[in-house]
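> Residue numbers (our numbering): 1 to 447.
All residues carry an ideal CB built from backbone N, CA and C; glycine is no exception.
Take this structure first; my questions come after.
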Amino acid sequence: MNTTMLRSLLGPVKPIARKSLEAVNIDPRVAKAVLVPPKHMHGGPPTRRMPWPRRRHFGRDERQAVLRLMDREIKHGGAIVYNGPEKLAYCSQFSDFMGGGYTEAVSSGTVSVYVALRALDLEPGSEVIVPPITDAGGTMPVVMCGCVPVPADSLPGTFNTGVDQIRAVLSDRTRAIVIAHIAGHAVDMDPILELARERDIPILEDCAQAHGASYKGRKVGTFGSVAAFSTMFGKHHSTGAQGGTVYTRDTMIFARARQVTDRGKPYGAVMPDGNVVASLNFNQDEISLAIGRVQLGKLPGFLDRRRNFAQVVRVGLADCESVEFVAAPAETESAYWFLMLRVRPERLSCTVAEFAAALALEGIGGVNAGYPFYPTDSPWHRDANVFGESGFPWSLHQEKPRHYQLPNAHAANARILRVEVHEDLGAKEAGQLVAAVKKLVRYFAKT
1 MNTTMLRSLL GPVKPIARKS LEAVNIDPRV AKAVLVPPKH MHGGPPTRRM PWPRRRHFGR
61 DERQAVLRLM DREIKHGGAI VYNGPEKLAY CSQFSDFMGG GYTEAVSSGT VSVYVALRAL
121 DLEPGSEVIV PPITDAGGTM PVVMCGCVPV PADSLPGTFN TGVDQIRAVL SDRTRAIVIA
181 HIAGHAVDMD PILELARERD IPILEDCAQA HGASYKGRKV GTFGSVAAFS TMFGKHHSTG
241 AQGGTVYTRD TMIFARARQV TDRGKPYGAV MPDGNVVASL NFNQDEISLA IGRVQLGKLP
301 GFLDRRRNFA QVVRVGLADC ESVEFVAAPA ETESAYWFLM LRVRPERLSC TVAEFAAALA
361 LEGIGGVNAG YPFYPTDSPW HRDANVFGES GFPWSLHQEK PRHYQLPNAH AANARILRVE
421 VHEDLGAKEA GQLVAAVKKL VRYFAKT
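Structural data, given as structure tokens:
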């Protein structure tokens, strides 16, 4: 029997087998891992045969929270609204988590940065210092507020910026500084705060990747004038598909954030007769916040498990010279949105990207080369096409966007392996990651 005939006979078997496995709640990938002999690679069998665990941070508690909300509305009539009891409870719970202050729940993390910037009441054409590496959602709101983003380079070997890098790009037009705690590692805030006080410049902390991270015993987000958090599905705690929070300890900033979030309505007015500022509807809905309340309760446990995973990897790679664990800075506690492993390519016969691909073949999931997100390299910045062909906001000063070199950020990216982390990864998976890294270090070692 030739190969073509065999394939034609076996073709219908695969979907039948898949459906049979699904009927008894068995992942077909697990069945394949058990039944199919592993291929040898990199000098031996793969480090892990089973599929890498998926994140399972939603459960019955979130389901019940949504059902309770639905049942309440079905029983009493009305509709599922916004600015209701779930929002009040969530915002109070989040403020308690932060140690006091004020919280406004919004529809996305990008929106949280936009609302926070609007709450600072910056003049169009103002320069806002932004992180060198971050999701574009942390930088595009700057231009949407009519301001000019100016990236400060990172500290050597990291993705986070530092005071000297910020000082290097300060100008007489600088009106705000956005600090992002990338990967959950806290930025060294004290010297930056001192510089900002000298220049009377507010700081916006972008904590999208750093829920619960701390600096000198205080949670990040409590140092600047205002902070923005993303609560989309991939973050430490989630309000469902999308969401965000704006946090501050300043009552005036909070009042402006409330206005901007709800179409510019006068904050606190029962029957407003007009909108005091121009804005859009950025409110978060009650269903999302019912989910968020459950997730906030789980957040401390989520953080513990992420930190335990990171600790096993850190200890396991302590004697590895070719690939080292990037530890959190002194006097900080990371939230570990992802792990960073620093590769020394000069000791290996492969590139960082090839090392990442080899880890995937070893059964390790969620590993990528670098974190190449340079927002000011994007077409909207390079071509100044945010508002048609006007060139706004750069055109306010008869300028065009500049190209920024960011040598430290690029050098760090050339050596970093980014490893996704979540709560369903335990000591077993951490040990397998360590074993796979060491196996590949031996395999790719230069002789």
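Any contact of the segment 133-147 with the segment 368-381, i.e. 3+ C-beta pairs under 8 Å?
Touching, yes.
> Between the alpha carbons of R442 and I416, how many angstroms are there, rounded?
Distance between the alpha carbons of R442 and I416 is about 19 Å.
> How about F229 and G109: do their beta carbons lie closer than 8 Å?
A contact, by the Cβ cut-off of 8 Å.
> Once DSSP output is grouped into helix, strand and coil, what is the label at M50?
Three-state result, M50: coil.
> When the Cα atoms are used, what is the spatial distance from S112 to V352?
Each residue's Cα considered, the two are about 34 Å apart.
> Taking all protein chains shown into account, decide if F254 is buried (16 or more other Cβ within 10 angstroms of its Cβ) or exposed.
So F254 counts as buried.
> Would you list the one or two residues that DSSP bridges to S154?
Answer is T161.
> According to DSSP, A228 sits in a beta bridge with which residue or residues?
A228 pairs with D206, V246.
> Where H397 and T47 are concerned, what is the direct C-alpha to C-alpha distance, given to the nearest angstrom?
For H397 and T47, the distance between alpha carbons rounds to 57 Å.
> How many angstroms separate the CA atom of K439 from the CA atom of V323?
K439 and V323: Cα-Cα distance of roughly 11 Å.
> E429: which of A328, R342, R306 sits nearest, CA to CA?
Considering only alpha carbons, the answer is R306.
> Considering only residues of the segment 311-382, which uninterrupted alpha helix (DSSP H) runs meet the minimum length of 4 residues and lie entirely inside it, listed in chain order?
Those alpha helix (DSSP H) runs which fall completely within the segment 311-382 and span 4+ residues are 352-361, 379-382.
> Report buried or exposed for P141, applying the criterion of at least 16 other Cβ atoms within 10 angstroms of its Cβ.
Flag for P141 reads buried.
> K298: which of G125, G212, P151, M41 sits nearest, CA to CA?
The option with the nearest alpha carbon to K298 is G212.
> What residue range is occupied by the uninterrupted beta strand (DSSP E) comprising E127?
Taken as a continuous stretch (DSSP letters only), the beta strand (DSSP E) holding E127 covers 127-130.
> Answer yes or no: the CB of G100 versus the heavy atoms of the ligand SAH, is any distance below 7 Å?
Only the bare structure without any ligand can be found here, which leaves the ligand SAH out of the picture.
> Excluding the 5 residues preceding and the 5 following T158 in the sequence, name in chain order all residues of the same chain whose CB lies nearer than 7 Å to its CB.
These residues qualify, in order along the chain: A412.
> Look up G44 in the DSSP assignment and give the residues it is bridged to.
Bridge partners of G44: M41.
> Should A186 and W337 be called a contact, given that it needs their Cβ atoms to be closer than 8 Å?
Not in contact: A186 and W337 (Cβ atoms no closer than 8 Å).
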